[in-house]
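For reference, each letter of the sequence shown is one residue, going 115 to 307 in our numbering. Where a beta carbon is used, it is the ideal one built from N, C-alpha and C, also for glycine. From a predicted model like this one, the values you see are computed outputs, not experimental measurements.
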Amino acid sequence: MVEDTPYALVRQTNDADRQAVSDVLVEAFMNDPVACWLFPASAERGRLQAHFYGQLLDSAAVEAYLMGEGASVWLALAAGQALEEDAPSSVFGENGARLQVLGQALAERHPRGEPHLYLSCMGVVRGRQGAGLGSLMLRHGLARADADGLAAYLEASSPRSRALYLRYGFEDLGEPVLVADSPPLWPMWRPRR
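Shown next as structure tokens:
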């Protein structure tokens, strides 16, 4: 069904779009505080991020979307379903320990009591950030959640993204997650509507 809304331009991806989704997310998060903490060597960050997003896109529950220079990755999770927690690949080297510790801390905070859509990541390339693409993509995902009677969950990785999610009905779900010297991640929940 084609909807008469700006977010109708958001399209679900297929295997042929996998590289485009990864490229958008790598560029969008290249200077993100959490990505910089996970992958501190700037020369390696893009390659390691691409590998991370590749693993995410391999998930059975994944739904990836593109809108020009923006991408989002959602996971449809059933009540009681835990996130797939694979040990970080050796590709990540010493960064794998940070990935694993942060992943465990986030998994402990992830709600499991009801089915929901999990916005694992959403990003817009740097030159287009602040132009409304993120809002359009978010509204698209939330329209899907609302149509299916699902709640939504995410972890905001910056105060700016947290502010965006608050405007769209998300609420903080407890205190921010901090691991060692990591920047904060804000678990956020939007009840079903």
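(request) Would you kindly work out how many angstroms separate the C-alpha atoms of residue 178 and residue 233, rounded to a whole number? (result) 10 Å
(message) Which same chain residues end up closer than 7 Å to residue 303 when comparing Cβ atoms and leaving out the 5 residues on each side of it in sequence?
(response) 225, 265, 267, 284, 285, 287
(request) Go ahead and label residue 240 buried or exposed: buried means 16 or more other beta carbons lie within 10 angstroms of its beta carbon, across all protein chains shown. (result) exposed
(request) Can you have a look at residue 212 and say buried or exposed, based on whether 16 or more other CB atoms are within 10 angstroms of its CB? (result) buried
(message) Output needed for residue 189: all residues of its chain with C-beta closer than 8 Å, excluding positions within five of it in sequence on either side, in chain order.
(response) 173, 175, 176, 177, 197, 231, 232, 234
(message) By the three-class DSSP mapping on this structure, what secondary structure does residue 243 have?
(response) coil
(message) According to DSSP, simplified to helix, strand and coil, what is residue 169?
(response) helix
(message) For residue 209 and residue 237, I'd like the C-alpha separation in whole angstroms.
(response) 22 Å
(message) So, at 8 Å on beta carbons, what are the nonlocal neighbours of residue 245 in its own chain, with the 5 sequence-adjacent residues on each side left out?
(response) 238
(message) Looking at residue 271: is its Cβ nearer than 7 Å to the Cβ of residue 148?
(response) yes
(request) Report the rounded CA-to-CA distance for residue 252 versus residue 143, giving the unit in angstroms. (result) 17 Å
(message) In the DSSP assignment, the beta strand (DSSP E) including residue 304 goes from what residue to what residue?
(response) 300-304
(message) According to DSSP, is residue 308 part of a helix, a strand, or is it coil?
(response) Not covered by the structure: residue 308. The range shown for the chain is 115 to 307.
(request) With DSSP collapsed to three states, give me the class of residue 177. (result) strand
(message) So for residue 120, helix, strand or coil by DSSP?
(response) Bear in mind that a pLDDT of 48 at residue 120, under 50, signals an unreliable position, so the model cannot answer this.
(request) Determine the burial state of residue 294: buried for a count of at least 16 other Cβ atoms within 10 Å of its Cβ, exposed for fewer. (result) exposed
(message) Looking at the secondary structure, which residues open and close the alpha helix (DSSP H) in which residue 211 lies?
(response) 209-223
(message) Need the endpoints of the beta strand (DSSP E) that residue 268 sits in, please.
(response) 265-270
(request) Under 8 Å by Cβ, that's how I've got residue 136 and residue 164 pegged, so tell me the actual separation to the nearest angstrom. (result) 5 Å
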